[in-house]
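First the structure, in the form of structure tokens, and then the observations on it.
There are 2 protein chains.
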Amino acid sequence: MAKRLSVEEAKMATTWAVMVEGDVAKGIQKNFLFNDFVACWSFMSAVALRAEKMDHHPDWTNVYNRLQVTLNTHDAHGVTEKDLQLAAFMDELYQKRTTI
Amino acid sequence: MAKRLSVEEAKMATTWAVMVEGDVAKGIQKNFLFNDFVACWSFMSAVALRAEKMDHHPDWTNVYNRLQVTLNTHDAHGVTEKDLQLAAFMDELYQKRTTI
């Protein structure tokens with residue numbers, strides 16, 4: 001099983017918001033904004049394929065052109081390297097996106 | 101603009117949970133459960149295409165094989181015929197789904 005990161009380790013490792021409960025990093029969270037639903041859905045579709053490939057899936061809420069993503073590793077009850085990997089993928093994809 | 105339904109009208113018109121604030125039906129909500137992420141995502145993809153075609157989009161949260169959907173019509177500040185149409189589409193699709 002992937003090792004759970006400490007709060008400090010998580011904060012050092014990502015620009016996403018670290019959700020803290022007591023002294024445990026329970027998850028990392030970020031909001032993404034797009035031009036419209038098509039752009040948002042295109043992004044989500046690419047992430048869905050990657051998530052399925054990684055067997056590591058986001059908790060996410062979509063309202064039209066807005067997307068809130070929370071990542072955590074259920075088995076580890078916290079944040080692990082897998083979350084950082086998926087977060088980095090999403091950040092890179094968001095940076096690269098074109099206006100559709 | 102589509103006419104906003106009363107709480108009673110909304111409750112009569114759908115099996116979804118009607119979210120009530122004061123005497124206004126603010127939205128309708130339903131939880132869907134699937135075998136896994138692929139099945140859930142397939143369902144969401146079909147709904148996304150329909151939503152874009154209708155120009156009427158759901159508020160939805162997905163966690164692996166679980167999906168919570170809230171429908172409302174922003175312009176009308178409540179529930180309209182458009183929400184009922186999208187809800188009916190989702191119910192029918194969910195009934196018809198195959199195990200992927």
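Keeping their order, the protein sequence lines are chains A and B. Read in order, the letters of the first sequence correspond to residues 1 to 100 in my numbering. Read in order, the letters of the second sequence correspond to residues 101 to 200 in my numbering. Even glycine gets a Cβ: it sits at the ideal position worked out from N, Cα and C. Quick caveat: nothing in here was measured; it's all calculated off a predicted structure.
- By the criterion of a C-beta distance shorter than 6 Å, Asn-131/B is surrounded in its chain by Gln-168, once the five residues flanking it on both sides are discounted.
- Taking 8 Å as the cut-off, the Cβ atoms of Ala-13/A and Leu-5/A count as close.
- Relative to Tyr-94/A, the option among Gln-29/A, Ala-25/A, Tyr-64/A and Met-44/A whose CA is nearest is Met-44/A.
- According to DSSP, residue pairing for Arg-66/A in a beta bridge involves Leu-33/A and Val-63/A.
- The alpha-carbon of Lys-103/B is positioned some 8 Å away from that of Glu-181/B.
- At a C-beta separation below 9 Å, Asp-183/B has no neighbours in chain A, since its nearest C-beta there lies roughly 14 Å away.
- Closest in C-alpha terms to Asn-172/B, from the list Leu-71/A, Arg-97/A and Val-63/A, comes Val-63/A.
- Contact between Pro-58/A and Leu-86/A holds: their C-beta atoms lie close to 7 Å from each other, under 8 Å.
- In the structure shown, the three-state DSSP call for Leu-105/B is coil.
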